[in-house]
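*Asks:*
Protein chains in written order, with the working numbering: chain A, 1 to 410; chain B, 1001 to 1410.
See below:
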């Protein structure tokens, strides 16, 4: 099969190496070779690694589009445009599309699936969620027999690295973030990671497939991890909890709830031991029960592995029908499905605030556990609706306190 | 597609229910129905659940074999014979074979794969390892691109239940085993579980696929969990370890090592939090890195889910080629790959033995850590070869001590 590769960044060069450098097991067993016939780059003249054959570089997408020998296009560029337009045009020309781009998939999911169907091509995106973890494939397989009503996952390596380091080394958020930025694990503008936009796109894709309805990034509640402090980490350790930045979605009776937020897990929970750049996804099927999938959530080789896996799927399953169906209508119930006990740390400015704070908390919840240390009040509430807690926190903050809070999941 | 089902026990009735009772998601989306045309049972007259259509029951395998409408046969009987003979005859008649029987697969793996190839049928066995965990499918997928050189797994629910309960409730092995037997989790003769024969068959199947060579049950070192005591569990808890009954295999330079034995994991290891009837499998690929798969390792619904999944695979992939290749020649290196630190608990009969015991241990290892409590000596060794430790333990036992020991993995 002859293919084109769009982009020669981290993922693109990883794909190039697996296919052309016999790095993998693939070539030993392949019945049909894969040939990368063209690679789209912005600047042909740029100095590149020696191993790339410069003959196949092009700056023209039309050259790829009009090459009838090319059956599949691998998208490894990033951003919504021109990637989305190029995907549509590729499909219209009868070329299969593979992408690692979670933004495009989550935003145009339904449209891309419909286009693929219309033009009788495959649209595959295993690499867009969970790096090397075969979660999209596993989700499709599980759905053939099961109804899936819940998804949980740790899906962002940068924030998991930050929380792991804060927990193991007792450092402050800002210090670990800076360290991660210096090491290249975090962007100069860390918002996509620490405020949850990266994770919510991945959760949007998984939830859409599992629940059969196009759930978008903007349908997902997001609360980041910027407020977590050293004092919180110490308290979690004393209480036997581990803080994780969790993607969570549930479906029930024609509605769904989806959120990305800091959540406390028991240190006996499998997910509590998922550290640094690793990801994990849990899905619950009505017949098979809970399944969990763990692996490297990012990085050149795992991501490229997922892309090449999609390519091999196309080669081996030319007659396969698309199994993803987004035709169900579900109502967004906001945080409706996420009641639970909550942990709150309320940092007071001055002593007089103390009783006012307690009165406020008392109004909405029996306090199950309370600790006071210096100017911090730590509270574990009884089981509460998420919306009630959010409004309580708003009122606490309006009194001039600073608050970190997290749902206790297990 | 019309199929036959051999056996109406736990797995067989689970399969029957998924297909005939619309319990799953399958019927909503199926483009082609599955019809169970015949069910082989030992005694047609036996009283059964109302939901089973008695018309399709038969006591004659030949009746199934000679029915040309039946394309696939699901084996849910157990034991090596007549299952193996029936499989061969089914394949010779051009019928696909699906089984949940790990004993038949591990024993006749190469022969069954060759027969399937010769007769151009599929031979699938997802349910034979890890219950509902899609491990065989994932292993095949990972192998398309990766070389896999290590497998680790918790693959037996009964022993994992026993160890979990001993750890959480401080009970003795014999008491928890008896409780498990009363609850139906353990057999009256628990040997297949607690001595490792069940796990070793599963490890044989996984290792054969991963390493590309037919590794059999008898090629795998087995050491059971009968010797573990309450005093060991207390010590593990103090040291931050969790004891698991681990299947472990490694390949290197044309050799392999495979074992089933009690192993100590750090309580920060993901596998340490896999409890009760759940299973987990870790595989390490040279490109994708480590992947782990977690789910229910046994039970009617998860196992039946895996069987029906194989059936759907056959329906959707009629032209797929078998990807399992067992043609490599690997030498069994015994425990050669499994050096490590070891935990030993040596229970002395009398005081004079004490110095003799220490002398013996000193001969083979610098002691990294030692504790003495009542008549028990607890030792953590430096890194040692497994064979050295086994012979040390033999000599300690010949002195009249009783010993429990375990490799420290993480």
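From the three backbone atoms N, C-alpha and C, an ideal C-beta is built for every residue, glycine too.
(1) Enumerate in chain order the residues of its own chain whose CB-to-CB distance from residue 326 of chain A is below 7 Å, with the five nearest sequence positions on each side excluded.
(2) Specify whether the region 1274-1293 of chain B and the region 298-318 of chain A touch according to this definition: at least 3 beta carbon pairs, one from each stretch, less than 8 Å apart.
(3) For residue 156 of chain A, which residues in the same chain have their Cβ closer than 7 Å to its Cβ, ignoring the five residues on either side in sequence?
(4) Does the count of Cβ pairs from the region 1257-1275 of chain B and the region 262-281 of chain A closer than 8 Å reach three?
(5) Counting only Cβ-Cβ distances shorter than 9 Å, please list the residues of the region 1274-1300 of chain B near chain A, keeping chain order.
(6) Out of B/1121, B/1116, B/1012 and B/1072, which has the shortest C-alpha to C-alpha gap to residue 1078 of chain B?
(7) Contact check, residue 1059 of chain B vs residue 1073 of chain B under 8 Å by CB: the rounded distance?
(8) What beta strand (DSSP E) runs, 3 residues minimum, are completely inside the region 270-300 of chain A?
(9) With a threshold of 9 Å between beta-carbons, can residue 13 of chain A be considered close to chain B, or not?
(10) My parser needs the alpha helix (DSSP H) runs of 4 or more residues fully inside the region 1205-1272 of chain B; what are they?
(11) Run down chain B in chain order and give the residues with a C-beta less than 7 Å from the C-beta of residue 316 of chain A.
(12) Quick one: is residue 129 of chain A near chain B, going by C-beta distance under 9 Å?
(13) By alpha-carbon positions, which one of B/1203, B/1255, B/1283 and B/1296 ends up nearest to residue 1329 of chain B?
(14) Over what stretch of residues does the beta strand (DSSP E) that includes residue 149 of chain A continue unbroken?
(15) With C-beta atoms as the reference, is residue 405 of chain A less than 9 Å away from residue 388 of chain A?
(16) Along the region 1194-1208 of chain B, what residues have a CB closer than 8 Å to any CB found in chain A?
(17) Taking C-alpha atoms, which residue in A/262, A/231 and A/190 lies nearest to residue 152 of chain A?
(18) Of all Cβ atoms in chain A, is any one closer than 9 Å to the Cβ of residue 1327 of chain B?
(19) From which residue to which residue does the beta strand (DSSP E) around residue 378 of chain A run?
(20) Going along chain B in order, which residues have a C-beta closer than 8 Å to the C-beta of residue 308 of chain A?
(21) Is the region 1159-1168 of chain B touching the region 1124-1132 of chain B, taking contact as three or more C-beta pairs under 8 Å?
(22) What does the Cβ neighbour count give for residue 462 of chain A, buried or exposed, with the cut at 16 atoms within 10 Å?
(23) Taking 9 Å as the CB-CB cut-off, is residue 270 of chain A touching chain B?
(24) Run the CB neighbour count on residue 83 of chain A, radius 10 Å, all protein chains shown included, and call it buried at 16 or more, exposed below.
(25) Taking a cut of 7 Å between CB atoms, which residues from the region 96-125 of chain A lie near chain B?
(26) Per DSSP, what are the beta-bridge partners of residue 202 of chain A in this structure?
(27) For a contact defined as C-beta to C-beta under 8 Å, what are the partners of residue 1137 of chain B on chain A?
(28) So what does DSSP say about residue 1338 of chain B, is it helix, strand or coil?
(29) Please report the straight-line C-alpha distance between residue 1426 of chain B and residue 281 of chain A, rounded to a whole angstrom.
(30) Could you name the residues that DSSP lists as bridge partners for residue 56 of chain A?
(31) When you compare the CB positions of residue 1185 of chain B and residue 1277 of chain B, do they come within less than 9 Å of one another, or not?
(32) Can you check whether the CB of residue 15 of chain A is closer than 9 Å to the CB of residue 76 of chain A?
(33) Taking the CB atoms as reference points, tell me whether residue 1035 of chain B and residue 1313 of chain B lie closer together than 9 Å.
(34) So the candidates are A/20, A/259 and A/1; which of them puts its Cα closest to the Cα of residue 304 of chain A?
(35) Tell me which residues share the same chain as residue 1266 of chain B and place their Cβ nearer than 7 Å to its Cβ, disregarding the 5 neighbours each side in the sequence.
(36) Taking the alpha carbon of residue 260 of chain A as the reference point, which residue from A/33, A/124, A/221 and A/252 has its own alpha carbon closest?
*Replies:* The short version:
(1) The residue you call residue 326 of chain A lines up with position 326 of the first chain. 109, 110, 113, 208, 212, 213 and 214.
(2) yes
(3) One-based indexing of the first chain puts residue 156 of chain A at position 156. Correct list, in chain order: 193, 198, 199 and 245.
(4) yes
(5) 1274, 1275, 1278, 1280, 1282, 1285, 1286, 1287, 1288, 1289, 1290, 1291, 1292, 1293, 1294, 1295, 1296 and 1299
(6) As a working mapping, residue 1078 of chain B is identified with position 78 in the second chain. The residue with the shortest Cα to Cα distance from residue 1078 of chain B is B/1012.
(7) Along the second chain, one-based indexing puts residue 1059 of chain B at 59. Along the second chain, one-based indexing puts residue 1073 of chain B at 73. 16 Å between Cβ atoms; not a contact.
(8) 278-285 and 289-296
(9) Working through the first chain from its first residue, we reach residue 13 of chain A at position 13. So no, residue 13 of chain A is outside the interface.
(10) 1230-1239
(11) Within the first chain, numbered from 1, the residue matching residue 316 of chain A stands at position 316. 1320, listed in chain order.
(12) Reading the first chain from its first residue, position 129 is the one you call residue 129 of chain A. No - not a single Cβ of chain B is within 9 Å of the one on residue 129 of chain A.
(13) Within the second chain, the letter at position 329 stands for residue 1329 of chain B. Out of B/1203, B/1255, B/1283 and B/1296, B/1255 has the C-alpha closest to the C-alpha of residue 1329 of chain B.
(14) Here residue 149 of chain A refers to the residue found at position 149 when the first chain is read from its first residue. Run containing residue 149 of chain A: 148-154, per the beta strand (DSSP E) assignment.
(15) On the first chain, residue 405 of chain A is found 405 positions in, with the first residue counted as 1. On the first chain, residue 388 of chain A is found 388 positions in, with the first residue counted as 1. Their beta carbons are not under 9 Å apart, which means residue 405 of chain A does not touch residue 388 of chain A by this criterion.
(16) none
(17) If you number the first chain from 1, residue 152 of chain A lands on position 152. If we check each option's Cα against that of residue 152 of chain A, A/262 comes out closest.
(18) Stepping through the second chain from its first residue, residue 1327 of chain B is reached at position 327. Not closer than 9 Å to any Cβ of chain A, the Cβ of residue 1327 of chain B fails to qualify, so no.
(19) Working through the first chain from its first residue, we reach residue 378 of chain A at position 378. 376-381 is the extent of the beta strand (DSSP E) around residue 378 of chain A.
(20) As a working mapping, residue 308 of chain A is identified with position 308 in the first chain. Here the neighbours are 1145.
(21) no
(22) Past the boundaries of the shown model lies residue 462 of chain A; chain A is included only from 1 to 410, so the question cannot be answered.
(23) Mapped onto the first chain, residue 270 of chain A falls at position 270. It does: the Cβ of residue 270 of chain A has a partner Cβ on chain B nearer than 9 Å.
(24) Translated into positions along the first chain, residue 83 of chain A becomes position 83. Buried, by the Cβ-count rule.
(25) none
(26) One-based indexing of the first chain puts residue 202 of chain A at position 202. Paired residues: none, contrary to the question.
(27) Stepping through the second chain from its first residue, residue 1137 of chain B is reached at position 137. Near residue 1137 of chain B (Cβ distances below 8 Å), the residues of chain A are 141.
(28) Locating residue 1338 of chain B in the second chain gives position 338, where the first residue counts as 1. Of the three classes helix, strand and coil, the one that applies to residue 1338 of chain B here is coil, per DSSP.
(29) Any property of residue 1426 of chain B remains undetermined from this structure, which presents chain B solely from 1001 to 1410.
(30) Here residue 56 of chain A refers to the residue found at position 56 when the first chain is read from its first residue. Paired residue(s): none; residue 56 of chain A is not in a bridge.
(31) Position 185 of the second chain, counting from 1, holds the residue named residue 1185 of chain B. Position 277 of the second chain, counting from 1, holds the residue named residue 1277 of chain B. Yes, these two residues count as a Cβ contact at 9 Å.
(32) Position 76 of the first chain, counted from the start, is the residue given in the question as residue 76 of chain A. Position 15 of the first chain, counted from the start, is the residue given in the question as residue 15 of chain A. Yes, Cβ-Cβ distance for residue 76 of chain A and residue 15 of chain A is below 9 Å.
(33) Within the second chain, residue 1035 of chain B is the residue found at index 35, counting from 1. Within the second chain, residue 1313 of chain B is the residue found at index 313, counting from 1. Cβ atoms of residue 1035 of chain B and residue 1313 of chain B: not closer than 9 Å.
(34) Counted from its first residue, the first chain places residue 304 of chain A at position 304. The shortest C-alpha separation from residue 304 of chain A is found at A/20.
(35) Along the second chain, read from residue 1 onward, the residue named residue 1266 of chain B stands at position 266. Once the five neighbours on either side are set aside, the close Cβ partners of residue 1266 of chain B are 1240, 1241, 1272 and 1410.
(36) Taking the first residue of the first chain as 1, we reach residue 260 of chain A at position 260. Nearest C-alpha to residue 260 of chain A: A/221.
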